[in-house]
Amino acid sequence: MLRNWRYLTVGAVLLLGANAAPAQADSSDPLTGAPGAGDPYYPLDGNGGYDVGHYDVTIAYDPPTHQLTGDTRVDAVATQALRVFNLDYSGPAVSKVTVNNLPAWFDRNGEHELSVTPLLPLLPGLPFTVRVEYAGEVTGTEGEGWVFSPSGGAFVAGEPHSASSWYPLNDTPLDKATFTLHATVPQEWEVMSIGDKVSDTVQGANRTVSWEMRQPVIGYLTTVAVDRFEFLEQRRANGTPLLSAFAPSAGQGRDLEARLPEILDFQEELYGPYPFDTAGGLYVDTGLQFSLETQSRPIYAPWTDLSTVVHEIAHQWWGDSMSVKQWSDVCLNECFASYTADYLWPERKDGKDVDAEYRDTVAKYHDNPKFWEIALQNPGKDNEFTAVYYRGPLFLHALRRTMGDAAFFGAVRDFVMAHRYGNASMPEFRTFLGSRSPVDLTGFLAAWLDRTDRPADEFLYPGPLRA
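When we follow our numbering, the leftmost residue of the sequence shown carries the number 1425, and every step to the right adds one.
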């Protein structure tokens, strides 16, 4: 994610249904899956007791009325005996739930809990299938689910939450799964999502479009967008197909997307082969204050510039292919995306003196304690999308100058590739750096990542930055 710092500047940062269950799930019951995955910031996100392998989401959406009809199939494996388990879901009313094609009781509770009681308990190690049917009017948000467009269209965006507004899932970074979408809309509208478009058919008054993401994905990195899009199709030299879409008033993004092959080539040199089958961009014309790294096809707000595109494409490695284990690890996402866009691209493409830029930025905030008061590792709930943007690039540049280019770039490439399609944490990253650095990083990493004051000069101005 990249927030629109024109609005949120560094300065601003500083200052029951038809099948209702007889009772809600009892978390003390050993046969009940936990209602959350235990993230310290969002403890009720995700669920325990099972591992999802695939989501098959079938929806119909009517733009004039905002009516959504859905039928989602979740293919999973039980990791414990389950009498009751939860899904995360905050969308329209649920009408029916089945487990292994048998009717199941269900109950909705809390902000996004859908508790399901199968007719027969689930056994550990065995696969099972859940189907949830639902329908109703969706509600627009400012970026935590459905967002309505000026044209009358709509799309879904938000981090860390958005997916539960349109399909039930295990909404935690720790449970990645492949994803298929079948979306039906009135035939004059278009549908965009992530991955490959595998079919687009018009029958009578309706259009049905299917999308497939073959690599595992987590909830907030999925999306559906309905609008009167125009398209740009490209192909990389290696054959990777690129498909980008532009909402009616977002055509200015075409020049940016024309550079997507160049941007992908640049980042492959840094971080290894592009991790997905396809790429592109989704340019909306709604006043979002962020752009978002939806997997393979980021969502771009109207204020998007080249730096934003470079930032969101960097996330395809840092955040999408390799995802955080907990939201306290968010520096792995945002520090790297920001450093790639703010330092590496200007340095290598435009010849910019990034050492000078680093010194100028440090000088500007050297004596401002608020600039340093949020830790980069474990910044705290509600602070996770703050310092990682403005101090994260400084940390990585100082780390690079401490380790030297060969060790730094080799280490970060190997780390992100080693966790391809998986998860990683900041503690793991620190340990890995220590194993690859020619110098001891213990003091440096503690000063930059753990402390909430300005690093000592030996860590603030390492190597050539001393000048």
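Where is the CB? At the ideal position from N, CA and C, for every residue including glycine.
On the CB-based measure, 16 or more other CB atoms within 10 Å of its CB, does residue 1843 come out buried or exposed? Burial call: buried.
Residue 1653 in three-state terms, based on DSSP: In the three-state reduction of the DSSP assignment, residue 1653 falls in the coil class, being assigned neither a helical nor a strand state.
For residue 1562, which three-state DSSP category applies? In this structure, residue 1562 counts as coil in the three-state DSSP scheme.
Inter-residue CB distance, residue 1365 and residue 1702 (contact presumed, cutoff 8 Å): There is no way to answer for residue 1365, as the model of the chain reaches only from 1425 to 1891.
Mark residue 1447 as exposed unless 16 or more other C-beta atoms lie within 10 angstroms of its C-beta, in which case mark it buried. Only weak support is given to the placement of residue 1447: the predicted model assigns it a pLDDT of 37, under 50, and the value that follows is read from those uncertain coordinates. It counts as exposed.
Reference residue 1891, options 1871, 1863, 1783, 1815, closest by Cα: Ranking 1871, 1863, 1783, 1815 by Cα distance to residue 1891 puts 1783 first.
Under the DSSP definition of a beta bridge, which residues are partnered with residue 1802? DSSP lists no partner for residue 1802.
Residues near residue 1687 in its chain [Cβ-Cβ closer than 7 Å; skip 5 each side]: The residues are 1733, 1734, 1737.
Cβ-based burial, residue 1536 [other Cβ within 10 Å; buried from 16]: Per the 10 Å Cβ criterion, buried.
Determine the contact status of residue 1717 and residue 1740, defining contact as a CB-CB distance below 8 Å. Against a cut-off of 8 Å, the Cβ pair of residue 1740 and residue 1717 comes out as a contact.
So, under 8 Å CB-CB, residue 1757 and residue 1743 are touching, yes? Tell me the CB distance rounded to an integer number of Å. Going by Cβ atoms, the distance from residue 1757 to residue 1743 rounds to 4 Å, so yes, they are a contact pair.
Reducing DSSP to helix, strand and coil, say where residue 1707 ends up. Secondary structure of residue 1707 (DSSP, three-state): strand.
Exposed or buried, residue 1433, counting other C-beta atoms within 10 Å across all chains shown (16 or more means buried)? Note that residue 1433 scores 38 on pLDDT, short of 50, meaning its location in the model is unreliable and no value can be drawn from it.
Burial state of residue 1633, where buried means 16 or more other Cβ atoms lie within 10 Å: By the neighbour-count rule (16 or more Cβ atoms within 10 Å), residue 1633 is buried.
Quick one: using the 10 Å Cβ neighbour count with 16 as the cut-off for buried, is residue 1586 buried or exposed? By the neighbour-count rule (16 or more Cβ atoms within 10 Å), residue 1586 is buried.
Paired residues, beta bridge with residue 1723 - DSSP: Residue 1723 pairs with 1706, 1716.
Quick one: using the 10 Å Cβ neighbour count with 16 as the cut-off for buried, is residue 1689 buried or exposed? Counting other Cβ atoms within 10 Å of its Cβ, residue 1689 stays below 16 and is therefore classed as exposed.
As assigned by DSSP and simplified to three states, the class of residue 1504: For residue 1504, the secondary structure class from DSSP, reduced to helix, strand or coil, is coil.
Proximal residues to residue 1880 (C-beta, below 7 Å), its chain only, five neighbours per side dropped: In the same chain as residue 1880, and ignoring 5 residues on each side of it, the C-beta atoms closer than 7 Å to its own belong to 1871, in chain order.
Spatially closest choice to residue 1614 from 1670, 1646, 1591, 1638, by CA coordinates: Residue 1670 is the option with its Cα nearest to residue 1614.
Per the DSSP calculation, residue 1915 is bridged to which residue(s)? No statement about residue 1915 is possible, as the shown extent of the chain runs from 1425 to 1891 and does not include it.
I need the boundaries of the beta strand (DSSP E) containing residue 1455, first residue and last residue. Where residue 1455 is concerned, there is no enclosing beta strand (DSSP E), given that its DSSP letter is neither H nor E.
Cβ atoms of residue 1503 and residue 1494: under 8 Å apart, would you say? The criterion of a C-beta distance shorter than 8 Å is not satisfied by residue 1494 and residue 1503.
Between which two residues does the beta strand (DSSP E) containing residue 1621 stretch? Per DSSP, residue 1621 belongs to the beta strand (DSSP E) from 1620–1627.
Under 8 Å, do residue 1748 and residue 1847 count as touching if we go by C-beta distance? Yes, the pair counts as a contact, with Cβ atoms nearer than the cut-off.
Of the residues 1518, 1621, 1524, 1694, which one's Cα is nearest the Cα of residue 1560? Looking at the Cα atoms, 1518 is the closest of the given residues.
Which word fits residue 1721, buried or exposed, when buried means at least 16 other C-beta atoms lie within 10 angstroms of its C-beta? Here residue 1721 is buried, its C-beta having at least 16 other C-beta atoms within 10 Å.
How is the alpha helix (DSSP H) around residue 1688 delimited, first residue to last? Segment 1684–1695, the alpha helix (DSSP H) holding residue 1688.
Using the beta-carbon count (16 or more within 10 Å), is residue 1472 buried or exposed? Using a 10 angstroms sphere on the CB of residue 1472, the tally of other CB atoms reaches 16 or more, which defines it as buried.
What does DSSP give as the partner residues of residue 1538 in its beta bridges? Paired residue(s): 1511, 1532.
Applying the criterion that 16 or more other CB atoms from any shown protein chain within 10 Å of the CB defines a buried residue, is residue 1445 buried or exposed? Note that residue 1445 scores 42 on pLDDT, short of 50, meaning its location in the model is unreliable; the coordinates nonetheless yield the value given after this. Under this definition residue 1445 is a buried residue.
Can you tell me whether residue 1612 is buried or exposed? The criterion is at least 16 other CB atoms within 10 Å of its CB, across all chains shown. Exposed, by the Cβ-count rule.
Reducing DSSP to helix, strand and coil, say where residue 1851 ends up. For residue 1851, the three-state secondary structure derived from DSSP is helix.
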